[in-house]
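Residue numbers for the sequence shown follow our numbering, beginning at 6 and rising by one.
Each residue gets a CB set at the ideal place from its N, CA and C atoms; glycine is no exception.
I have placed the structure first, in the form of structure tokens, so that the comments after it can refer back to it.
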Amino acid sequence: MAGTKILHMLDPRANVSPFDVNMAVDAGYEVVVPYPGVAAGDVAGLVQDAVFSRPPGRYNDTGIFIGGHDVNLAADMLEQAGGAMVPPFEAAVLADPNGAFTTSAALVALVAKHLRARSGAGLEDRDVRILGGGPVGLCAAVLVARQGGRPTLVRLTDMTPARAEPVERFARRYGVELPWTTGRDDAGKRAALESVEVVVCCARAGVQVLSADLMAQCAKLEIAADVNAVPPAGVEGLPVTGDGVDLPSGALGIGALAIGGIKYQVQRGLLKRMMSADHAVVLDFPDAFDLAGETVSD
Ligand SMILES: NC(=O)c1ccc[n+]([C@@H]2O[C@H](COP(=O)([O-])OP(=O)(O)OC[C@H]3O[C@@H](n4cnc5c(N)ncnc54)[C@H](OP(=O)(O)O)[C@@H]3O)[C@@H](O)[C@H]2O)c1
6 MAGTKILHML DPRANVSPFD VNMAVDAGYE VVVPYPGVAA GDVAGLVQDA
56 VFSRPPGRYN DTGIFIGGHD VNLAADMLEQ AGGAMVPPFE AAVLADPNGA
106 FTTSAALVAL VAKHLRARSG AGLEDRDVRI LGGGPVGLCA AVLVARQGGR
156 PTLVRLTDMT PARAEPVERF ARRYGVELPW TTGRDDAGKR AALESVEVVV
206 CCARAGVQVL SADLMAQCAK LEIAADVNAV PPAGVEGLPV TGDGVDLPSG
256 ALGIGALAIG GIKYQVQRGL LKRMMSADHA VVLDFPDAFD LAGETVSD
């Protein structure tokens, strides 16, 4: 039926995330179609098949969601989807690979909020260390840099030139610099965290990467945040629901479920915007960050 809200979910992996399927239906999409195993080169054809089969100008009725794990690939696919529209045959597009775009947006917005509340100033000119350079860590680093902060990625597993290249490519795409260092063991982390004010843990689920001892040695630390909701916490002693809780080191802690609550609202808000905006939106993670900023109230 013309007017039915249909979401086409494109993913390079073998499966589309059930989390994203549930979010799409709960936000109001009536038909949700998963397309696993999609290559970047398939995107334009799939998008044009989706838009030409529906009445022109009905961009709110047809949506394209881009998932995956590789943030560079998702950004390429987002660009290709946006470029495939033939106005007035258009669809709304949102990318959120592994939840990284909305999670990093929620994480950085909450950190900025608590910094402002604690000291009157946000991320501008702050040294921020991001433990873990996966999808969430990379996006968080870009957002910190775009807020005027100085992010450094602390890589937790072996770094090779092949693993450095995607970081450089992602940084170039968003016009920022993303320096990195290594922090495979406590000595490496101690060196990386010296005189830092903000640390965010974006490591693999269920891995503790920052001990209470190590945190106690960071004299200037104001905020420690962690996105990992699977025990043990990424930051020792940080409750998952903590939203600006006092930690024994003197820093404030932000836990994974506090971040997850904002992430949920942001993803839902972006999906709803796809169905209601006054033009065919193409939503990237800076858009997610803008909405996260409105969602966390000072
Ligand atoms: N709170 C929320 O709402 C929410 C939403 C989505 C995701 N998450 C969580 O966010 C975190 C990051 O997600 P992601 O997709 O970016 O993660 P990911 O790809 O699973 O891993 C992130 C990074 O963890 C490090 N790592 C991998 N194996 C490790 C090991 N054995 N020991 C220590 N570190 C290891 C690596 O860092 P290097 O590359 O630096 O070596 C890797 O890039 C996960 O814990 C995920 O569950 C939370």
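Inter-residue spacing [alpha-carbon to alpha-carbon] between Arg178 and Val52 | For the purposes of this step, residue 178 is taken as residue 173 along the sequence shown, with counting starting at 1. For the purposes of this step, residue 52 is taken as residue 47 along the sequence shown, with counting starting at 1. Cα-Cα distance, rounded: 23 Å.
Kindly indicate which three-state DSSP category Thr246 falls into: helix, strand or coil?
-> Here residue 246 corresponds to residue number 241 of the sequence shown, with the count starting at 1. Of the three classes helix, strand and coil, the one that applies to Thr246 here is coil, per DSSP.
Look at the alpha carbon of His119 and the alpha carbon of Gly127, and state the distance between them as a whole number of angstroms.
-> Looking up residue 119 in the sequence shown gives position 114. Looking up residue 127 in the sequence shown gives position 122. Approximately 8 Å, taken between the alpha carbons.
Compute every distance between the C-beta of Asn233 and the non-hydrogen atoms of ligand 1, then say whether any falls below 6 Å.
-> Working through the sequence shown from its first residue, we reach residue 233 at position 228. At least one heavy atom of ligand 1 is nearer than 6 Å to the Cβ of Asn233, so yes.
Say the cut is 6 Å; is the CB of Lys268 nearer than that to a heavy atom of ligand 1?
-> Translated into the one-based positions of the sequence shown, residue 268 becomes position 263. Indeed, a heavy atom of ligand 1 lies less than 6 Å from the Cβ.
Starting from Pro23, follow the alpha helix (DSSP H) in both directions and report where the run begins and ends.
-> Start at 1 with the first residue of the sequence shown, and residue 23 comes out as number 18. Here the alpha helix (DSSP H) through Pro23 covers 23 to 32.
Going by the beta-carbon positions, is the gap between Ala176 and Gly188 smaller than 7 Å?
-> Here residue 176 is taken as the residue at index 171 of the sequence shown, counted from 1. Here residue 188 is taken as the residue at index 183 of the sequence shown, counted from 1. No, they are not a contact pair.
Are the beta-carbon atoms of Gly258 and Leu243 separated by less than 7 Å?
-> Taking the first residue of the sequence shown as position 1, residue 258 is located at position 253. Taking the first residue of the sequence shown as position 1, residue 243 is located at position 238. Against a cut-off of 7 Å, the Cβ pair of Leu243 and Gly258 comes out as a contact.
Going by the CB atoms, is the gap between Gly72 and Pro93 shorter than 7 Å?
-> The residue labelled residue 93 in the question sits at position 88 within the sequence shown. The residue labelled residue 72 in the question sits at position 67 within the sequence shown. Not closer than 7 Å, so no.
Just to check, is the beta-carbon of Ile11 closer than 6 Å to a non-hydrogen atom of ligand 2?
-> Summarising the ligand content, the structure contains ligand 1 and does not contain ligand 2.
First through last residue of the beta strand (DSSP E) which encompasses Pro156 = To locate residue 156, count along the sequence shown from 1; it is residue 151. Looking at the DSSP string, the run of the beta strand (DSSP E) that includes Pro156 is 155 to 160.
Please check the pair Arg168 and Asp132, which I expect to be a contact at CB under 8 Å, by giving their CB distance rounded to whole angstroms.
-> Walking along the sequence shown from the start, residue 168 turns up at place 163. Walking along the sequence shown from the start, residue 132 turns up at place 127. Between Asp132 and Arg168 the Cβ distance is about 23 Å, and since that is not below 8 Å, they are no contact.
Sequence-distant residues of the same chain with beta carbon closer than 6 Å to Lys225, five excluded per side | Numbered from 1 along the sequence shown, position 220 holds the residue referred to as residue 225. Here the set comprises Ser200, Glu202.
Decide if the stretch 266 to 280 is in contact with the stretch 80 to 92; the criterion is three or more beta carbon pairs, one per stretch, under 8 Å apart.
-> no
When the distance is taken between beta carbons, is Thr186 closer than 7 Å to Thr157?
-> Position 152 of the sequence shown, counted from the start, is the residue given in the question as residue 157. Position 181 of the sequence shown, counted from the start, is the residue given in the question as residue 186. Contact flag set, yes.
For Phe70, the first and last residue of its enclosing alpha helix (DSSP H) = Counted from its first residue, the sequence shown places residue 70 at position 65. Premise fails: Phe70 lies in the beta strand (DSSP E), 67 to 71, not in any alpha helix (DSSP H).
What number of angstroms, rounded off, separates the C-alpha of Val204 from the C-alpha of His74?
-> Working through the sequence shown from its first residue, we reach residue 204 at position 199. Working through the sequence shown from its first residue, we reach residue 74 at position 69. Their Cα atoms are separated by approximately 23 Å.
Would you say Gly137 touches ligand 1, meaning its beta carbon is less than 6 Å from a heavy atom?
-> On the sequence shown, residue 137 is found 132 positions in, with the first residue counted as 1. Checking every heavy atom of ligand 1 against the Cβ of Gly137, one is found closer than 6 Å.
C-beta contact flag for Tyr40 and Leu15 at 7 Å = Numbered from its first residue, the sequence shown carries residue 40 at position 35. Numbered from its first residue, the sequence shown carries residue 15 at position 10. Against a cut-off of 7 Å, the Cβ pair of Leu15 and Tyr40 comes out as a contact.
Check whether the Cβ of Pro140 sits closer than 6 Å to any heavy atom of ligand 1, and report yes or no.
-> Locating residue 140 in the sequence shown gives position 135, counting from the first residue. Pro140: yes, Cβ under 6 Å from ligand 1.
CA-CA distance, Asp101 and Ala79?
-> Taking the sequence shown and counting its residues from 1, the one referred to as residue 101 is at position 96. Taking the sequence shown and counting its residues from 1, the one referred to as residue 79 is at position 74. The straight-line gap from Cα to Cα measures roughly 8 Å.
Does ligand 1 have a heavy atom nearer than 6 Å to the CB of Gly212?
-> Looking up residue 212 in the sequence shown gives position 207. One point to set straight first is that residue 212 is Val, not Gly, in the sequence displayed. Indeed, a heavy atom of ligand 1 lies less than 6 Å from the Cβ.
Neighbour-count burial assignment, Gly247, 16 or more Cβ in a 10 Å radius | As a first step, residue 247 must be located in the sequence shown, where it is residue number 242. Buried is the call here.
Nearest-angstrom Cβ-Cβ length linking Leu117 and Gln152, presumed shorter than 8 Å | The count along the sequence shown starts at 1 and reaches residue 117 at position 112. The count along the sequence shown starts at 1 and reaches residue 152 at position 147. Looking at the sequence shown, residue 117 is not Leu but Ala. That pair is a contact at about 6 Å.
Short CB-CB distance (under 7 Å) between Met90 and chain E = Checking the listed chains, one finds no chain E in this structure; it contains a single protein chain.
Is the Cβ-Cβ distance between Gly193 and Val214 less than 7 Å?
-> Taking the first residue of the sequence shown as position 1, residue 193 is located at position 188. Taking the first residue of the sequence shown as position 1, residue 214 is located at position 209. Not a contact, by the Cβ cut-off of 7 Å.
Confirm, please, whether the CB-CB distance from Ala110 to Ala293 is below 7 Å.
-> The residue labelled residue 293 in the question sits at position 288 within the sequence shown. The residue labelled residue 110 in the question sits at position 105 within the sequence shown. Yes. Within cutoff.
How would you write the range of the beta strand (DSSP E) that Thr187 sits in, first residue to last?
-> For the purposes of this step, residue 187 is taken as residue 182 along the sequence shown, with counting starting at 1. Residues 185 to 187.
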